[in-house]
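Peer 1: Start counting the sequence shown at 2; every next residue gets the next number (my numbering).
Virtual Cβ for every residue (Gly too), placed ideally from N, Cα, C.
Pasting in a structure now, in structure tokens, and then I'll have a few things to ask.
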Amino acid sequence: MRSMNLVNSWARITAPPHECFAGGFVGNPVKPKRFLKFWRRPVSGFAVSAVLVKQEEGVRVSVDGSFDFTAYMTEKACAVNKALDEAVSVKNPTTIHEAMRYSLLAGGKRVRPMLCIAACELVGGEQTDAMAAACAVEMIHTMSLIHDDLPCMDNDDLRRGKPTNHKVFGEDVALLAGDALLSFAFEFLSTTAGAGAGASPSRILLAVGELAKSIGTEGLVAGQVVDIQCTGKPNVDLDELEFIHVHKTAALLEAAVVLGAILGGGTHEEVEKLRKFARCIGLLFQVVDDILDVTKSSEELGKTAGKDLVADKMTYPKLLGLEKAREFAEELNAEAKEQLVEFDQQKAAPLIALADYIAYRQN
2 MRSMNLVNSW ARITAPPHEC FAGGFVGNPV KPKRFLKFWR RPVSGFAVSA VLVKQEEGVR
62 VSVDGSFDFT AYMTEKACAV NKALDEAVSV KNPTTIHEAM RYSLLAGGKR VRPMLCIAAC
122 ELVGGEQTDA MAAACAVEMI HTMSLIHDDL PCMDNDDLRR GKPTNHKVFG EDVALLAGDA
182 LLSFAFEFLS TTAGAGAGAS PSRILLAVGE LAKSIGTEGL VAGQVVDIQC TGKPNVDLDE
242 LEFIHVHKTA ALLEAAVVLG AILGGGTHEE VEKLRKFARC IGLLFQVVDD ILDVTKSSEE
302 LGKTAGKDLV ADKMTYPKLL GLEKAREFAE ELNAEAKEQL VEFDQQKAAP LIALADYIAY
362 RQN
């Protein structure tokens, strides 16, 4: 089977040229010489093998016998939830803020904020340096879920085990709640990221640009439009499916990692290595989502299972078959970890474990 052609579609969401600060980003579009191959390849030696993270069951995951991933997830999720709760308080008009908080604080794994914080800490930053970006990314992710569930999109009734936003507040308020989260994400990032001894204005500006690009017509919106156009279309091929999910899903995950690296003081080389890592796990996230959609129940997922099949959308299991889709997920996970080999492995442990968590999650 042919190798994956990810370079062209990924080039659409790479950062524009930047010369924002000394020693910084003069970025050309990323064009990795080699990326994904469909054949099976051994996972790097430092990888966590056969990881199944089910936080609710108390499973403990260790990297090199010293890293407690469950404790890490719990600690970071609590910190992010506290920051989100404080950032979006109930104020006038009450209804819109309640609608924003309903979806924002409804639970969720907080994978994107954790990736942002872990990338920041990997390049020498602190959690506080990344928290504004981590919250901004989660606000935008929540916006995308609210809008995705609307009747004009996926028309879903269940999200994170609860009725979707428009089922509780109505379509009009739900639409506005998503809009409000989107705009506030940029306000929060631009005004909070530099608090105290935080990032420089040039790095904050670069982070804002990265985030904006990840959700516009070169990111999430592009993927959503092509997804709509391909629904019910016969013979959707692998390139089209790849385009949809690299933009619709992977772009925001990439932004989470890249923002953390930028605000943590990462060099150009460090940021680009982490960008490649994030692209792999971003697509991995969607492949696993597609697999879970056909192998798990709505109760297990906390959202409607099998909806892509009902909507006649192309998915990786539908196109490749379930076993080949699982092999592809394994390849993406291995390729992601290869991007972390040159980093300090103790500091990289959270990202290694997060990649495995994404690959082997059960909901």
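In whole angstroms, what is the alpha-carbon distance linking Glu172 and Asn166?
Peer 2: Your numbering for residue 172 matches position 171 in the sequence shown. Your numbering for residue 166 matches position 165 in the sequence shown. Rounded to whole angstroms, Glu172 to Asn166 spans 8 Å at the Cα level.
Peer 1: Going by CA-CA distance only, name the one from Arg161, Ala330 and His142 that's closest to Gly179.
Peer 2: Walking along the sequence shown from the start, residue 179 turns up at place 178. Here the closest residue by C-alpha is His142.
Peer 1: Can the beta-carbon of Val81 be found less than 8 Å from the beta-carbon of Ala137?
Peer 2: Residue mapping note: residue 81 aligns to position 80 of the sequence shown, counting from 1. Residue mapping note: residue 137 aligns to position 136 of the sequence shown, counting from 1. In this structure, Ala137 does not lie closer than 8 Å to Val81 by Cβ.
Peer 1: Asp158 to His148, Cα distance in whole Å?
Peer 2: Position 157 of the sequence shown, counted from the first residue, corresponds to residue 158. Position 147 of the sequence shown, counted from the first residue, corresponds to residue 148. Rounded to whole angstroms, Asp158 to His148 spans 12 Å at the Cα level.
Peer 1: Within a Cβ cutoff of 7 Å, which residues of the same chain sit near Leu239, ignoring the five residues on either side of it in sequence?
Peer 2: Here residue 239 refers to the residue found at position 238 when the sequence shown is read from its first residue. Excluding sequence neighbours, Leu239 sits near Leu320.
Peer 1: For Pro202, report the span of its alpha helix (DSSP H) as first-last.
Peer 2: Looking up residue 202 in the sequence shown gives position 201. Here the alpha helix (DSSP H) through Pro202 covers Pro202 to Ile216.
Peer 1: Cα separation between Ala131 and Leu341?
Peer 2: As a first step, residue 131 must be located in the sequence shown, where it is residue number 130. As a first step, residue 341 must be located in the sequence shown, where it is residue number 340. Approximately 19 Å between the Cα atoms of the pair.
Peer 1: Which two residues bound the contiguous alpha helix (DSSP H) that contains Phe244?
Peer 2: Position 243 of the sequence shown, counting from 1, holds the residue named residue 244. Unbroken alpha helix (DSSP H) run through Phe244: Leu239 to His246.
Peer 1: If contacts are defined as beta-carbon pairs under 8 Å, then Leu253 and Arg113 qualify, I think. What distance do you get, rounded to the angstrom?
Peer 2: Numbered from 1 along the sequence shown, position 252 holds the residue referred to as residue 253. Numbered from 1 along the sequence shown, position 112 holds the residue referred to as residue 113. Yes, they are in contact, since the Cβ atoms of Leu253 and Arg113 sit about 7 Å apart, within 8 Å.
Peer 1: Considering only their Cβ atoms, is the gap separating Ile118 from Ala261 smaller than 8 Å?
Peer 2: Stepping through the sequence shown from its first residue, residue 261 is reached at position 260. Stepping through the sequence shown from its first residue, residue 118 is reached at position 117. The identity of residue 261 in the sequence shown is Gly, whereas the question assumes Ala. Yes, the Cβ-Cβ distance between Gly261 and Ile118 is below 8 Å.
Peer 1: Report the CB separation of Leu285 from Leu323 in whole angstroms; it is logged as a contact under 8 Å.
Peer 2: Sequence index remark: in the sequence shown, residue 285 carries index 284 (1-based). Sequence index remark: in the sequence shown, residue 323 carries index 322 (1-based). With a Cβ gap of about 16 Å, Leu285 and Leu323 do not count as contacting.
Peer 1: Between which two residues does the alpha helix (DSSP H) carrying Lys338 extend?
Peer 2: In the sequence shown, residue 338 corresponds to position 337, counting from 1. Leu323 to Glu339 is the span of the alpha helix (DSSP H), which, as asked, contains Lys338.
Peer 1: If you drop the 5 nearest sequence neighbours on each side, which residues of the same chain put their C-beta closer than 7 Å to that of Gly109?
Peer 2: In the sequence shown, the residue the question calls residue 109 occupies position 108. Same-chain partners within the cutoff: Arg161.
Peer 1: Can you check which of these residues, Ile359, Leu105 and Val89, is closest to Lys338 by C-alpha distance?
Peer 2: Your numbering for residue 338 matches position 337 in the sequence shown. Taking only the C-alpha atoms, the option nearest Lys338 is Ile359.
Peer 1: Do you know whose CA, among Ala120, Leu105 and Ala78, lies nearest Gln347's CA?
Peer 2: What you label residue 347 is simply residue 346 of the sequence shown in a count that begins at 1. The shortest C-alpha separation from Gln347 is found at Ala120.
Peer 1: Please check the pair Val174 and Ala100, which I expect to be a contact at CB under 8 Å, by giving their CB distance rounded to whole angstroms.
Peer 2: Taking the first residue of the sequence shown as position 1, residue 174 is located at position 173. Taking the first residue of the sequence shown as position 1, residue 100 is located at position 99. Between Ala100 and Val174 the Cβ distance is about 5 Å, and since that is below 8 Å, they are a contact.
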